[in-house]
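K.L.:
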Amino acid sequence: MEKVRDAFDFRDFSTPEKVGFAILTLFLLIFPLLGAGSFVKAVAIQFLLFSLFGMGWNTIGGYGGQVELGKAQYVGIGAYTVALTMVWWKIPFWVSMPIGVLIAIGYSFIIGYPLFRLKGHYFAIATICTSLVLQDIFINWKLVGAAKGIELPIHEHPDFLYMQFKSDTYYFYFIMALFYVAIFYMNWFRKSKLGYQLRMIKEDEEAAESLGIDARWCKIKAYSIASAFVAVGGGFMAVYNLYIDPYSVMDLDLSIKIALMSMLGGAGSMWGPIIGSGFLVPLDRFLGSWLGAQKGLIGVDFMIYAALIMIVSAYQPRGIWGIIEQFRKR
Amino acid sequence: MIVLDALLQGILMGLLFALVALGLTIIFGMMDIVNFAHGEFLMIGMYTTYWTSLLLHMDPLITLPASAIVGMLLGLASYYCLVKYLLRGPMIAQLFGTFGLMLFLRYLAQFLFGTDYRIIQKGLLVGKTLTLGPFLVDWTKLSSAILSLIAFLFVYYLLHRTKLGKALRATALNREAANYMGIKTERMNALAWMIGGGTVGIAGGLIVNFWYVYPTVGLLFVMIAFASVAMGGFGSIKGAFFAGILIGMLEMLFPMFGQLVGSDFFGPHFKFTVVYFAYFIIVVFRPQGLFGWKK
Amino acid sequence: MAFLEVMDLVKDFGGVVANNHISFQINQGEIIGLIGPNGAGKTTLFNCVVGYHKPDSGKVIFKGKEITGFKSFMTNREGIGRTFQLTKVTAGMTVLENVMVGAFCRTDDRHLAKVEAAAILGFMGLESVKAYHLNELPIAAQKKIGLARALATQPELLMLDEVASGLNPKETEEMVDLLKKIHKDKKITLFLIEHVMEVVMPISQRVIVLDGGEKIAEGLPKDIVKNERVIKAYLGEKYAKGL
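Residue numbers (the numbering used here), protein chains in the order written: chain A, 1 to 330; chain B, 1001 to 1295; chain C, 2001 to 2243.
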């Protein structure tokens, strides 16, 4: 029971943080009623989705300090499980999603066991490899649609069984609900034994081991949790976009974006991924649509991110949250 | 027979892979940074030779030095403008730093050159083949392989027989001691990047003779480079050489295997998956690679 | 039955035999010192016992159970705690959180861990700094926190790696008192690697001396300082003249 209480206990956050969070919550609740256009709504949904992804990554990448760049493979697992089971056997979302999560967790243990023998750069590259391998397999595997992907059948009437709706508003509240579940989970996580142990591993792995912590096992656990998170996001993508293919849900670019948002916002902090997502998703979309309109400027939006990444890496690796904390200390 | 042919092709490509891997392993051996932008340096080397030979109406082999120079400048610029600062920060910052560089260069290329696929069309050796006994070999591939080997040997000579090279290796082995001996380690860092950039620039200049260049071509080659470096041992030059060749052969043999098994699934499109997979297996089970030192 | 028994331990680093057939015993409740010139193999021996290195041959037996080659976290769970000569100083966790991690070794409950951690900080006289980060504190405090962390794992044998290095004379005195207190109140067996003789000699019941990878002497502190081989190994060390 204490566990549940922990999730909802925000007492150890500072007042500005709590106020900020409350304002965000209020804003999100009334957002659909503000009459924003469909583009803005789509951006808002993306923001929440990527916050979800980011919070998942943060578990192993931020708190655990293990930079991994292969999260997209789990997004794919979640998305494909939901999509395929729906197309083949008409299985409702609420059944297929947990199955997807279980598959993601299972796969993450299988990969994680050898993977966590590695550290640092070798580890990061290996995570890229595993994701690329899975993507390649899916691109060539006719059974799951290969490069063409899977189209989900459109239902005449919106329903909660298959999570298909005509209006974006429903999707918005859906992803928002998932977002808050993630937040409560992260709140619990950072106070849990695993959370403390992981942070110690990040600080000083040798010292952590001397305190009875099996570092490798802890990392694998955190990695699995992260995978479960993003798999849920993947499932959402399947029912929201009603179309998935290996490029949209398993791409290296997606893995990079996820890690990047957390890092930019502040890896290892609770709000980091949300801040990062809140900053980058609108930037991405608005920049993309503005620049996309000017023909000669393809790729400039990425150049801007890339420049951002380099600047942040060189000057403030702890991201925006790191900058905020520095100000607070003054 | 087909097997021997595949092996020959593999060795030729492998020599190029080795050259690509060389730069990566030097930089890593020097300062423990994995240059994620290495593939993009290659891509820029490719574009350099392409554009100079096209615009100046010269044979690509003559414009090759341009790629080398651009590569060296790129390496230097990367070091002094970015990497120098990354070295101060935690590993996550270093990783993302070179990652950002990779993305920046990639999309800069996309912005400047568009997404079209390009390849050298005109040149002394383009399109000509040589008959070596029962084997048919493209002149471009053969000359590239030979030049690659020469470049490799040149760098090896530089590192092992010159005073500068020794200073570089000393810094890589023990930075502090090198410092005390009066070696300017900052300069050594920059030199490593210069050599790294230069060699992969040359490799690019050679590859574009028979391989299409487009903004994202770097990713392919950088993964091959990673696999070579991992297999050979991070920091080992000999390792990069042999591993590069090995991977070249592996790549050629893999579709053969598919044909033998008769399975459509194992087609050539999986060539690179094999490389990624190989990297994973090697790094997990033999982290020091074939010749590297254990970290 | 000896509490900790090291039998014929060998560790070879491919050219340098850091530990050459070392054997000794520690009984429960003792305070044992390990000294020797730089490069004698003390740290290697230490690491072989706690699990950071795997010995090439020989055995390590703790409380009757063979723990040779056990990894660090396993030896810790068996009841061996250790401190580090240099604590990696970072700003990520507060002092209290650091010690809590140690406490988490024995409990899954956060509140219990917190209480236990606070109790240990109190025992060590560190409650006032519990909300600080390690990088904000002086070396003496950092060393004590390293100790506190290890204590939180409820070890029966505590191994200390140069716990007094970097301390000024007054801090060194405090450390000696603290070690005595830990030994008496918590009933923990202590095994210290040390260079600072003001710490080792007064509190050790027995001293083991290593030199060039071999054990060259073992006995009471007052006898060790008169031992010819020891004096020779430490040629230049003024402490050999008399306690």
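We put the CB at the ideal spot given by N, CA and C, even for glycine.
Let's see if you can read the secondary structure: which residues bound the beta strand (DSSP E) around Lys1982 (chain C)?
P.N.:
What is shown of chain C runs 2001 to 2243, which leaves residue 1982 (chain C) out entirely.
K.L.:
Is Gly2102 (chain C) closer than 8 Å to Leu194 (chain A) when the C-beta atoms are compared?
P.N.:
no
K.L.:
Along chain A, in chain order, which residues have C-beta atoms closer than 8 Å to that of Ala2100 (chain C)?
P.N.:
Sequence check: residue 2100 (chain C) is Met here, not Ala. Residues of chain A whose Cβ lies closer than 8 Å to the Cβ of Met2100 (chain C) are, in chain order, Tyr196.
K.L.:
Am I right that Val133 (chain A) and Phe1277 (chain B) are in contact with their C-beta atoms under 8 Å? What's the rounded C-beta distance?
P.N.:
6 Å
K.L.:
Should Gln73 (chain A) and Phe123 (chain A) be called a contact, given that it needs their Cβ atoms to be closer than 8 Å?
P.N.:
no
K.L.:
I think Trp321 (chain A) touches Gly272 (chain A), with their Cβ atoms under 8 Å apart; what is that distance to the nearest whole Å?
P.N.:
That pair is a contact at about 5 Å.
K.L.:
In the segment 2157–2189 of chain C, which residues sit with their C-beta less than 7 Å from some C-beta in chain A, listed in chain order?
P.N.:
none
K.L.:
Who are Ile2208 (chain C)'s beta bridge partners in DSSP?
P.N.:
C:Leu2034 and C:Glu2218
K.L.:
With a 10 Å radius around its C-beta and 16 neighbouring C-beta atoms as the bar for buried, classify Gly1114 (chain B) as buried or exposed.
P.N.:
exposed
K.L.:
Whose C-alpha, out of C:Ile2193, C:Glu2198 and C:Arg2206, is nearest the C-alpha of Pro2037 (chain C)?
P.N.:
C:Ile2193
K.L.:
Using a Cβ cut-off of 8 Å, which residues of the segment 200–215 of chain A contact any Cβ in chain C, in chain order?
P.N.:
Met200, Lys202, Glu203, Asp204, Glu206, Ala207, Ala208, Glu209, Ser210, Leu211, Gly212, Ile213, Asp214 and Ala215
K.L.:
Quick one, which of B:Gly1204, B:Ala1227 and B:Thr1129 has its alpha-carbon nearest Gly1045 (chain B)'s?
P.N.:
B:Gly1204
K.L.:
Measure from the alpha carbon of Gly336 (chain A) to the alpha carbon of each residue in A:Ala226, A:Gly64, A:Gly268 and A:Ala182, then state which is nearest.
P.N.:
No answer is possible for residue 336 (chain A): the residues shown for chain A start at 1 and end at 330.
K.L.:
Compare the beta carbon distance of Met1030 (chain B) and Thr1171 (chain B) with 8 Å and say whether it is the shorter of the two.
P.N.:
yes
K.L.:
Is it right to say Cys1081 (chain B) is buried, meaning 16 or more other beta carbons lie within 10 angstroms of its own, or is it exposed?
P.N.:
Exposed, because fewer than 16 other Cβ atoms sit within 10 Å of the Cβ of Cys1081 (chain B).
K.L.:
Going along the chain, which residues of the segment 172–197 of chain A sit with their C-beta nearer than 8 Å to a C-beta in chain C?
P.N.:
Lys191, Ser192, Lys193, Tyr196 and Gln197
K.L.:
Go ahead and pull the three-state DSSP assignment for Ser167 (chain A).
P.N.:
coil
K.L.:
Using DSSP's beta-bridge definition, name the partner residues of Asn2019 (chain C).
P.N.:
Paired residues: C:Lys2011.
K.L.:
Just checking: is the beta-carbon of Asn2019 (chain C) within a distance shorter than 8 Å of some beta-carbon in chain A?
P.N.:
Interface flag for Asn2019 (chain C) against chain A is unset, since no Cβ pair is found closer than 8 Å.
K.L.:
Counting only Cβ pairs nearer than 8 Å, list the residues of chain A close to Tyr1212 (chain B).
P.N.:
By Cβ distance, chain A contributes nothing, its closest Cβ being about 18 Å from Tyr1212 (chain B), past 8 Å.
K.L.:
Out of B:Gly1201, B:Phe1272, B:Leu1076 and B:Gly1244, point me to the one whose CA is closest to Pro1065 (chain B)'s CA.
P.N.:
B:Gly1201
K.L.:
Using the Cα positions of Lys1295 (chain B) and Leu198 (chain A), report the straight-line distance between them to the nearest angstrom.
P.N.:
Note that Lys1295 (chain B) scores a pLDDT of 35, beneath 50, so its modelled location is shaky and nothing firm can be said.
K.L.:
Run through DSSP, which three-state label would Thr1115 (chain B) get?
P.N.:
coil
K.L.:
Less than 7 Å between C-beta atoms, sequence neighbours within five positions excluded: which residues of the same chain meet that for Lys221 (chain A)?
P.N.:
Leu194
K.L.:
Reducing DSSP to helix, strand and coil, say where Gln1094 (chain B) ends up.
P.N.:
Gln1094 (chain B) falls in the helix class under three-state DSSP.
K.L.:
Under the rule that 16 or more other beta-carbon atoms within 10 Å means buried, what is Ala2091 (chain C), buried or exposed?
P.N.:
exposed
K.L.:
Looking at the C-beta of Tyr243 (chain A), does it have a partner C-beta in chain D at a distance below 8 Å?
P.N.:
The structure shown contains no chain D; its protein chains are A, B and C.
K.L.:
Helix, strand or coil for Phe1285 (chain B) per DSSP?
P.N.:
helix
K.L.:
Does the Cβ-Cβ distance between Lys2020 (chain C) and Glu2218 (chain C) come in under 8 Å?
P.N.:
Looking at the sequence provided, one finds Asn at residue 2020 (chain C) rather than Lys. No. Outside cutoff.
K.L.:
Measure from the alpha carbon of Arg1118 (chain B) to the alpha carbon of each residue in B:Gln1110, B:Gly1248 and B:Leu1125, then state which is nearest.
P.N.:
B:Gln1110
K.L.:
Which chain B residues are close to Tyr107 (chain A), counting only those with a beta carbon under 8 Å from its beta carbon?
P.N.:
Close partners of Tyr107 (chain A) in chain B (Cβ separation under 8 Å) are lacking, with about 14 Å as the shortest Cβ gap.
K.L.:
My assumption, with CB atoms under 8 Å, is that Val2163 (chain C) sits in contact with Thr2075 (chain C). Please give the rounded CB distance.
P.N.:
Not confirmed; about 18 Å, so no contact.
K.L.:
Mind listing the chain A neighbours of Gly2092 (chain C)? Cutoff is C-beta to C-beta under 7 Å, in chain order.
P.N.:
Arg199, Lys202 and Glu203
K.L.:
Kindly indicate which three-state DSSP category Leu1191 (chain B) falls into: helix, strand or coil?
P.N.:
Helix at Leu1191 (chain B).
K.L.:
Please report the Cβ distance between Leu1042 (chain B) and Leu1206 (chain B), rounded to the nearest whole angstrom; I am assuming they are in contact, meaning their Cβ atoms lie under 8 Å.
P.N.:
Going by Cβ atoms, the distance from Leu1042 (chain B) to Leu1206 (chain B) rounds to 10 Å, so no, they are not a contact pair.
K.L.:
Quick one: what's got a C-beta closer than 8 Å to Leu1076 (chain B)'s C-beta in the same chain, skipping five residues either side?
P.N.:
So the list reads Ala1190, Trp1193, Met1194 and Gly1197, once near-sequence residues are dropped.
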